[in-house]
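Each protein sequence line maps, in turn, to chains S and G.
Just so we're aligned: 47 in this note's numbering is position 28 of the first sequence, and the numbers increase by one with no gaps anywhere.
Just so we're aligned: 220 in this note's numbering is position 18 of the second sequence, and the numbers increase by one with no gaps anywhere.
Note that the Cβ used here is the ideal one computed from N, Cα and C, for glycine as well.
Worksheet: the structure to be examined is printed underneath.
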Amino acid sequence: GENVEQHPSTLSVQEGDSAVIKCTYSDSASNYFPWYKQELGKRPQLIIDIRSNVGEKKDQRIAVTLNKTAKHFSLHITETQPEDSAVYFCAAALGGAGSYQLTFGKGTKLSVIP
Amino acid sequence: IAGITQAPTSQILAAGRRMTLRCTQDMRHNAMYWYRQDLGLGLRLIHYSNTAGTTGKGEVPDGYSVSRANTDDFPLTLASAVPSQTSVYFCASSSEWGVGDTQYFGPGTRLTVL
């Protein structure tokens, strides 16, 4: 089955700096890569995703890049703010009709220091 | 519109007891999922359902069962709870077709098995 590795497990940055979280996946057939943000005590929420036919996607201060050859993808947050502090999870999915199964990384706890 | 709801919010359970965690969505999503979240391990898929009447096993199905009698409800049952099933359980759903449809998570159930 799919295996997703996520690094680092914790990350501290100064407010205004950039944060980068990296993930690798094992199954070259995976074709969908979402990123979820989970604040303390809350549910995971999708913040951005990318499909395997795209190399980069951007949404305001958040961007995701995908390297299919190397089987890794990264989340970039620019101009970090205290409200970006949370646990971030990457995931990889093998598509199928009707549903798809996500395999998650173990998470990165991001702390943005004011 | 409530989206996706779970009950109970939290539960303390004696080992050996039977427990059903409830999940209901009103988004008419055909696909539903159950995950468990443990510190340092991220989110792991327990069971999933493509559509009413069908279910499948995820990464960690042992000790759990599910049913999908209708589109809206996807209960998760622990037939005889064990302490290793202490975890936070999240239900999620996604719309019918195609990989990449966002998985929406419920608020979670915190279960403690003593």
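With C-beta atoms as the reference, is S/Gly124 less than 7 Å away from S/Cys42?
The answer is yes: Cβ separation under 7 Å.
My guess is that G/Ser295 and G/Met234 are in contact by the Cβ rule of under 8 Å, so how many angstroms apart are they, rounded?
Sure, about 5 Å apart at Cβ, within 8 Å.
Where does S/Gln64 fall in DSSP's three states?
Strand.
Need the endpoints of the beta strand (DSSP E) that S/Ala82 sits in, please.
Its beta strand (DSSP E) spans residues Ile81 to Asn86.
List the residues of chain G whose Cβ lies closer than 7 Å to the Cβ of S/Gln120, in chain order.
Ordered by position in chain G, the residues that pass the 7 Å Cβ test against S/Gln120 are Leu247, Tyr250 and Gly260.
If we count Cβ pairs, one from each stretch, closer than 8 Å, do we get three or more for the region 224 to 241 of chain G versus the region 283 to 292 of chain G?
Because the criterion of three Cβ pairs below 8 Å is met, the region 224 to 241 of chain G and the region 283 to 292 of chain G touch.
Roughly how many angstroms separate the alpha carbons of S/Ala89 and G/Phe276, rounded to a whole number?
So the two alpha carbons sit approximately 37 Å from each other.
Where do the ends of the beta strand (DSSP E) carrying G/Leu247 lie?
Unbroken beta strand (DSSP E) run through G/Leu247: Gly244 to Ser251.
I want to see whether chain S comes within less than 7 Å of G/Phe276, judged by CB atoms only; does it?
Chain S, which has no Cβ nearer than 7 Å to the Cβ of G/Phe276, makes this no.
Can you list, in chain order, the residues of its chain whose CB lies under 8 Å from that of S/Gln64, leaving out five sequence neighbours each side?
Tyr55, Lys56 and Gln57, listed in sequence order.
Would you mind working out which of G/Pro309, G/Trp236, G/Pro263 and G/Asn232 sits nearest G/Thr253, comparing C-alpha positions?
Cα-wise, what sits closest to G/Thr253 is G/Asn232.
Would you verify that the beta carbon of G/Gly310 is, or is not, closer than 7 Å to some beta carbon of chain S?
Yes, G/Gly310 lies at the interface with chain S (some Cβ there is under 7 Å from its Cβ).
Note down, in chain order, every chain G residue with its Cβ under 8 Å from the Cβ of S/Gly74.
Simply none; closest approach about 16 Å.
Give a yes or no on whether the C-beta atoms belonging to S/Leu129 and S/Leu30 are separated by under 7 Å.
Taking 7 Å as the Cβ cut-off, S/Leu129 and S/Leu30 qualify as a contacting pair.
Identify whether G/Gln287 lies in helix, strand or coil by the three-state DSSP scheme.
Helix, per DSSP.
In chain S, which residues lie with their C-beta within 9 Å of the C-beta of G/Thr279?
The premise fails here: G/Thr279 is roughly 20 Å from chain S at the closest Cβ pair, so nothing lies under 9 Å.
What did DSSP end up calling S/Asp36 once you bin it into helix, strand or coil?
Correct three-state label for S/Asp36: coil.
Buried or exposed: where does S/Gln100 fall if 16 or more other Cβ atoms within 10 Å of its Cβ makes it buried?
Exposed.
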